[in-house]
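Trainee: Chains as they are written, first to last, in full-length UniProt numbering: chain A, 1 to 82; chain B, 1 to 249; chain C, 1 to 143; chain D, 1 to 114.
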Amino acid sequence: MDDALVVAALLLVAAAATVAVFQRDPARQAIVLSLLGLALAVLFTVLQAPDVGLAQLAVGSAVTPLMILLAVRKVRRKGHRK
Amino acid sequence: MTRRARLWVLAAGLLATAAVYAAACTELPGFGGSWHPYGDRAVHAALRQRTANTISSVNFDQRAFDTLGEETVLFASVLGTVVLLRRTRDEKRVAPEPVRVPAALRRYGLLMLPVTLLIGLYVIAHGQLSPGGGFQGGVVAATSLHLLYIAVDYPALERLRPLGLYELADGAGEAAYVLLGAAGLLAGPAYLANVLPLGTFNTLSSGGTVPLLNAAVGIEVTSAVVVLLAHFLAQALEIEGDAEEGRTA
Amino acid sequence: MNWWLAAACALVAGGLGPCLWGAARGPAGGRVVAQNMATLLLCLVLLLLSQGYGRPSYVDLALVVAVLGPAGTLVFTRLLGDEMGERPPGTRLLTPAVLVGAPATVVPMCIAAGPGRAAAKLVLIGVLLIAGGAVTSRAVRRG
Amino acid sequence: MSLLPYLIAGWIFLVGVHGMATSRNLIHAVGCLAVTQSSTYVLLLSVGYRKGATAPVFSDVPTSVPVVDPVVQALALTDVVVGATVTALLLALVVQTAKRHGTVDPDELSGLKG
Chain A
1 MDDALVVAAL LLVAAAATVA VFQRDPARQA IVLSLLGLAL AVLFTVLQAP DVGLAQLAVG
61 SAVTPLMILL AVRKVRRKGH RK
Chain B
1 MTRRARLWVL AAGLLATAAV YAAACTELPG FGGSWHPYGD RAVHAALRQR TANTISSVNF
61 DQRAFDTLGE ETVLFASVLG TVVLLRRTRD EKRVAPEPVR VPAALRRYGL LMLPVTLLIG
121 LYVIAHGQLS PGGGFQGGVV AATSLHLLYI AVDYPALERL RPLGLYELAD GAGEAAYVLL
181 GAAGLLAGPA YLANVLPLGT FNTLSSGGTV PLLNAAVGIE VTSAVVVLLA HFLAQALEIE
241 GDAEEGRTA
Chain C
1 MNWWLAAACA LVAGGLGPCL WGAARGPAGG RVVAQNMATL LLCLVLLLLS QGYGRPSYVD
61 LALVVAVLGP AGTLVFTRLL GDEMGERPPG TRLLTPAVLV GAPATVVPMC IAAGPGRAAA
121 KLVLIGVLLI AGGAVTSRAV RRG
Chain D
1 MSLLPYLIAG WIFLVGVHGM ATSRNLIHAV GCLAVTQSST YVLLLSVGYR KGATAPVFSD
61 VPTSVPVVDP VVQALALTDV VVGATVTALL LALVVQTAKR HGTVDPDELS GLKG
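Now the structure itself:
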């Protein structure tokens with residue numbers, strides 16, 4: 001059972017990472033990055049690293065998406081006015 | 001170099017890296033093996049220091065000096081961001097348009113702020129016992145404040161967030177870590193040595209200096225994230241290009 | 001055979017996988033719904049893993065997801081506001097998922113844990129999940 | 001099975017680098033850097049894993065149980081949080097670039113100076 005969980009989590013992380021890279025629009029990429037963070041949290045828990053999983057959840061669920069989306073908004077506002 | 005040529009160089013580089021990396025992997029100890037010489041020694045040392053969470057013991061006791069380095073990277077990147085995102089002379093502040101938020105969302109935000117803050121503090125305080133610590137709990141605590149922005153509105157966040165204080169706390173967290181290290185030098189054998197009494201295993205006060213260093217990191221991370229997000233929020237919502245453009249926009 | 005771990009494995013493969021698929025394609029609204037669903041499923045997976053590994057301290061992760069998951073979704077609904085559109089596809093799945101999923105995981109775990117501090121924590125997580133689910137599905141629907 | 005986690009870490013690294021190199025938007029490139037960073041966490045924790053062991057946190061288990069390697073976890077843990085602030089620094093640089101040059105496309109930037 002342990003092996004099945006590790007493999008499932010690893011494949012999910014690999015898929016999320018691949019999908020995140022090929023989202024060319026940064027706002028949509030932020031959504032997939034947040035999912036990558038969740039997948040990593042599962043993987044870390046399965047690899048018996050709850051501390052790291054907790055750090056990944058804290059950072060990846062709200063703070064990083066918020067920063068990326070704010071940067072996107074700033075850059076777009078700049079572009080609209082030009 | 002044309003785009004096409006660049007892609008060829010990239011493909012060659014990636015393929016070469018992949019080949020060398022795969023070859024290196026075959027020489028690594030197999031996944032899930034039982035040979036972890038450093039890990040076993042670290043666990044031993046943590047139990048000797050009566051710290052139930054070995055990871056906190058490694059971070060704040062056995063490798064405390066490296067964590068000082070990590071903290072300094074954190075501090076420096078916050079400083080860099082603040083410098084990059086500060087309001088320059090040709091920019092002006094424009095009050096953001098008010099956003100209508102449904103009442104249920106507003107209530108949820110106001111209710112969850114203390115709950116999230118409490119969970120963040122809980123995670124920091126139990127860092128030496130259960131999974132958690134200053135790094136993780138600090139981010140959770142900082143997120144709790146920003147529920148005011150995402151569930152209520154930006155002016156509410158600005159009212160409840162004296163930014164100068166957080167900038168001060170950021171520096172104070174870093175300074176507390178450095179000074180606690182110096183205490184190890186004065187009272188014990190080395191910088192960042194664990195000089196306090198170790199207490200009883202698996203209680204909140206166990207681990208000597210670990211809970212204190214943990215708290216210092218918690219303060220620094222909380223205020224670092226608050227300061228970072230504050231500058232991003234100000235840039236994205238308030239600050240307009242140069243004064244003339246701002247008026248027409 | 002550890003049924004808790006088997007259930008967690010099934011949720012990862014059969015729940016989080018489709019969420020990734022949903023977050024990777026289509027208009028912004030549907031993606032945010034998929035992200036919200038993923039945070040809910042993640043919380044349940046973490047609870048099941050904690051029980052499966054017999055480590056009550058892992059429950060802290062689920063507790064953090066239960067508060068930060070909705071916060072993350074609200075970030076997206078707030079800052080993607082105009083792109084999201086009204087009633088994105090999949091919205092009507094959210095409320096039943098949280099109303100079935102949270103009790104179906106929390107109640108057996110409470111029974112397994114017996115009355116005490118651990119059970120209180122589990123009930124708190126369940127309540128936070130349901131409150132977060134209600135608010136986020138409403139925020140998503142409004143667009 | 002004994003190589004799969006290492007190879008997946010390598011795959012994440014390569015796909016992240018590919019994204020950064022082919023990116024047409026600096027914010028997207030920063031996102032790809034975050035992906036690349038995550039490969040290091042996967043590699044570190046895979047190296048530290050021990051079959052049938054549990055987390056080296058003894059608040060709820062006896063100290064005699066076999067545990068996984070805590071050293072790599074401590075490395076990955078600080079890296080996750082510090083990595084996020086470095087991402088913030090890079091995003092700030094992107095915002096500054098957009099202000100100065102009015103674009104975030106690296107191909108358009110390469111012709112500019114100063």
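Beta carbons are placed, not taken as given, at the ideal position from N, Cα and C, and that holds for glycine.
All values reported here derive from a predicted model rather than from experimental measurement.
So B/Ala-176 and B/Gly-184 are supposed to be a Cβ contact under 8 Å. How far apart are they, rounded?
Mentor: Along the second sequence, read from residue 1 onward, the residue named residue 176 of chain B stands at position 176. Along the second sequence, read from residue 1 onward, the residue named residue 184 of chain B stands at position 184. Actually they do not touch by this definition, with Cβ atoms about 13 Å apart.
Trainee: Rounded to the nearest angstrom, how far is the Cβ of C/Gly-90 from that of C/Gly-30, given a contact under 8 Å?
Mentor: For the purposes of this step, residue 90 of chain C is identified with residue 90 of the third sequence, where counting begins at 1. For the purposes of this step, residue 30 of chain C is identified with residue 30 of the third sequence, where counting begins at 1. Confirmed, Cβ separation roughly 6 Å.
Trainee: In chain A, which residues lie less than 9 Å from B/Ala-215 when you measure between Cβ atoms?
Mentor: Your numbering for residue 215 of chain B matches position 215 in the second sequence. Chain A residues near B/Ala-215: none, gap ~17 Å exceeds 9 Å.
Trainee: Enumerate in chain order the residues of its own chain whose CB-to-CB distance from C/Leu-63 is below 8 Å, with the five nearest sequence positions on each side excluded.
Mentor: The residue you call residue 63 of chain C lines up with position 63 of the third sequence. Correct list, in chain order: Lys-121, Leu-124, Ile-125, Leu-128.
Trainee: Residues of the segment 79-97 of chain D with a CB closer than 7 Å to any CB of chain B: list them in chain order, please.
Mentor: Residues Val-81, Val-82, Thr-85, Val-86, Ala-88, Leu-89, Ala-92, Leu-93, Val-95, Gln-96.
Trainee: What residue does the beta strand (DSSP E) around B/Glu-91 start on, and which one ends it?
Mentor: Position 91 of the second sequence, counting from 1, holds the residue named residue 91 of chain B. Taken as a continuous stretch (DSSP letters only), the beta strand (DSSP E) holding B/Glu-91 covers 91-93.
Trainee: Let me make sure I understand the geometry here. Which of D/Leu-90, D/Leu-44, D/Leu-75 has the alpha-carbon closest to that of B/Val-78?
Mentor: Translated into positions along the second sequence, residue 78 of chain B becomes position 78. Among D/Leu-90, D/Leu-44, D/Leu-75, the Cα nearest to that of B/Val-78 belongs to D/Leu-90.
Trainee: May I ask you to report which of helix, strand or coil DSSP gives B/Ala-249?
Mentor: Reading the second sequence from its first residue, position 249 is the one you call residue 249 of chain B. With a pLDDT of 38 at B/Ala-249, under the threshold of 50, the modelled position of that residue is not reliable, and no figure is offered here.
Trainee: Against chain B, which members of the segment 12-39 of chain A pass a CB distance test of less than 8 Å?
Mentor: Against chain B - using a Cβ distance shorter than 8 Å - the segment 12-39 of chain A contributes no residues.
Trainee: Ordered along the chain, which non-local residues of its own chain (more than five positions away) have a Cβ less than 7 Å from that of B/Gln-49?
Mentor: For the purposes of this step, residue 49 of chain B is identified with residue 49 of the second sequence, where counting begins at 1. Taken in chain order, the residues that qualify are Ser-57, Asp-61, Asn-194, Leu-198, Gly-207, Gly-208.
Trainee: What three-state label does DSSP hand A/Thr-18 in the structure shown?
Mentor: Taking the first sequence and counting its residues from 1, one reaches residue 18 of chain A at position 18. In the structure shown, A/Thr-18 sits in a helix (DSSP, three-state: H, G or I).
Trainee: How far does the alpha helix (DSSP H) with B/Phe-65 in it reach, from first residue to last?
Mentor: Within the second sequence, numbered from 1, the residue matching residue 65 of chain B stands at position 65. Residues 64-85.
Trainee: So, under 8 Å CB-CB, D/Tyr-6 and A/Val-52 are touching, yes? Tell me the CB distance rounded to an integer number of Å.
Mentor: Reading the fourth sequence from its first residue, position 6 is the one you call residue 6 of chain D. Reading the first sequence from its first residue, position 52 is the one you call residue 52 of chain A. 17 Å between Cβ atoms; not a contact.
Trainee: Give me, in chain order, the residues of the same chain whose beta-carbon lies closer than 8 Å to that of B/Ala-182; leave out the 5 immediate sequence neighbours on both sides.
Mentor: Here residue 182 of chain B is taken as the residue at index 182 of the second sequence, counted from 1. Tyr-191.
Trainee: B/Thr-203 by DSSP, collapsed to three states: which one?
Mentor: Taking the second sequence and counting its residues from 1, the one referred to as residue 203 of chain B is at position 203. The answer is coil: DSSP assigns B/Thr-203 none of H, G, I, E or B.
Trainee: Can you give me, in chain order, the residues of the segment 74-94 of chain C that have a beta carbon less than 9 Å from any beta carbon in chain B?
Mentor: The segment 74-94 of chain C vs chain B, Cβ under 9 Å: Leu-74, Val-75, Thr-77, Arg-78, Leu-79, Gly-81.
Trainee: Could you tell me which chain C residues have their CB closer than 8 Å to the CB of B/Pro-102, listed as they occur along the chain?
Mentor: As a working note, residue 102 of chain B is residue 102 in the second sequence. Those within 8 Å of B/Pro-102 in chain C are Arg-138, Ala-139, Arg-142.
Trainee: Just to confirm, are D/Leu-26 and D/Val-86 a CB contact at a threshold of 8 Å?
Mentor: Residue numbering aside, residue 26 of chain D sits at position 26 when the fourth sequence is read from its first letter. Residue numbering aside, residue 86 of chain D sits at position 86 when the fourth sequence is read from its first letter. For D/Leu-26 and D/Val-86, no; Cβs fall outside 8 Å.
Trainee: Taking the beta carbon of B/Thr-2 as the centre, do at least 16 other beta carbons fall within 10 Å, making it buried, or is it exposed?
Mentor: Translated into the one-based positions of the second sequence, residue 2 of chain B becomes position 2. Result: exposed.
Trainee: Tell me, to the nearest whole angstrom, how far the beta carbon of C/Gly-132 is from that of C/Gly-52; I am working on the premise that it is less than 8 Å.
Mentor: Position 132 of the third sequence, counting from 1, holds the residue named residue 132 of chain C. Position 52 of the third sequence, counting from 1, holds the residue named residue 52 of chain C. Actually they do not touch by this definition, with Cβ atoms about 24 Å apart.
Trainee: By the three-class DSSP mapping on this structure, what secondary structure does D/Thr-54 have?
Mentor: As a first step, residue 54 of chain D is located in the fourth sequence; it is residue number 54 there, counting from the start. Correct three-state label for D/Thr-54: strand.
Trainee: Do you know offhand how far A/Ala-14's Cα is from B/Glu-91's?
Mentor: Here residue 14 of chain A is taken as the residue at index 14 of the first sequence, counted from 1. Here residue 91 of chain B is taken as the residue at index 91 of the second sequence, counted from 1. Cα to Cα, the separation comes out at about 43 Å.
Trainee: Between which two residues does the alpha helix (DSSP H) harbouring D/Gly-19 extend?
Mentor: Indexing the fourth sequence from 1 puts residue 19 of chain D at position 19. It spans 4-22 - the alpha helix (DSSP H) in which D/Gly-19 sits, taken as one unbroken run.
Trainee: Please compile the residues from chain A whose C-beta is within a distance smaller than 8 Å of the C-beta of D/Val-71.
Mentor: Translated into the one-based positions of the fourth sequence, residue 71 of chain D becomes position 71. By Cβ distance, chain A contributes nothing, its closest Cβ being about 12 Å from D/Val-71, past 8 Å.
Trainee: Going by DSSP, name the residue or residues bridged to B/Leu-239.
Mentor: If you number the second sequence from 1, residue 239 of chain B lands on position 239. In the sequence on display, residue 239 of chain B carries Ile and not Leu. BP columns for B/Ile-239 point to B/Arg-93.
Trainee: If you draw a straight line from the alpha carbon of B/Pro-102 to that of A/Leu-36, how long is it in whole angstroms?
Mentor: To locate residue 102 of chain B, count along the second sequence from 1; it is residue 102. To locate residue 36 of chain A, count along the first sequence from 1; it is residue 36. Cα to Cα, B/Pro-102 sits roughly 30 Å from A/Leu-36.
Trainee: Compute the beta-carbon to beta-carbon distance between D/Val-30 and A/Lys-74, rounded to the nearest angstrom, for a pair I have assumed lies under 8 Å.
Mentor: Numbered from 1 along the fourth sequence, position 30 holds the residue referred to as residue 30 of chain D. Numbered from 1 along the first sequence, position 74 holds the residue referred to as residue 74 of chain A. That belief does not hold up - the Cβ atoms of D/Val-30 and A/Lys-74 are roughly 13 Å apart, past 8 Å.
Trainee: In chain order, which continuous runs of the beta strand (DSSP E) of length 3 or greater are located wholly inside the segment 87-139 of chain C?
Mentor: You should have found no qualifying run.
Trainee: Would B/Pro-29 pass as an interface residue toward chain C - the criterion being a Cβ-Cβ separation below 8 Å?
Mentor: As a working note, residue 29 of chain B is residue 29 in the second sequence. False, the Cβ-Cβ gap to chain C never drops below 8 Å.
Trainee: Please tell me whether B/Met-112 and B/Leu-147 are closer than 8 Å, where the distance is taken between their beta carbons.
Mentor: Position 112 of the second sequence, counted from the first residue, corresponds to residue 112 of chain B. Position 147 of the second sequence, counted from the first residue, corresponds to residue 147 of chain B. Cβ atoms of B/Met-112 and B/Leu-147: closer than 8 Å.
Trainee: For a cutoff of 8 Å on Cβ pairs, would you count B/Gly-69 as touching chain A?
Mentor: In the second sequence, counting from the first residue as 1, residue 69 of chain B sits at position 69. Not one chain A Cβ lies under 8 Å of B/Gly-69.
Trainee: Could you give the uninterrupted runs of the alpha helix (DSSP H) lying entirely in the segment 118-199 of chain B, keeping only those of 4 residues or more?
Mentor: With a minimum length of 4 residues, the continuous alpha helix (DSSP H) runs that stay inside the segment 118-199 of chain B are 134-147, 154-159, 163-187.
Trainee: Straight-line CA distance for A/Ala-16 to B/Leu-196?
Mentor: For the purposes of this step, residue 16 of chain A is taken as the residue at position 16 of the first sequence. For the purposes of this step, residue 196 of chain B is taken as the residue at position 196 of the second sequence. Cα to Cα, the separation comes out at about 45 Å.
Trainee: Which residue's Cα is closest to the Cα of B/Gly-138: B/Leu-15, B/Gly-218, B/Asn-53, B/Gln-235?
Mentor: Within the second sequence, the letter at position 138 stands for residue 138 of chain B. The shortest Cα separation from B/Gly-138 among B/Leu-15, B/Gly-218, B/Asn-53, B/Gln-235 belongs to B/Gly-218.
Trainee: With a threshold of 8 Å between beta-carbons, can A/Lys-82 be considered close to chain D, or not?
Mentor: On the first sequence, position 82 is the one that residue 82 of chain A refers to. Any reading at A/Lys-82 needs caution, since the residue's pLDDT is 48, under 50, leaving its predicted position unreliable; the model's value is listed next. Taking Cβ atoms only, chain D reaches closer than 8 Å to A/Lys-82, which makes this a yes.
Trainee: Is D/Asn-25 helix, strand or coil by DSSP?
Mentor: The count along the fourth sequence starts at 1 and reaches residue 25 of chain D at position 25. It is coil, neither helix nor strand.
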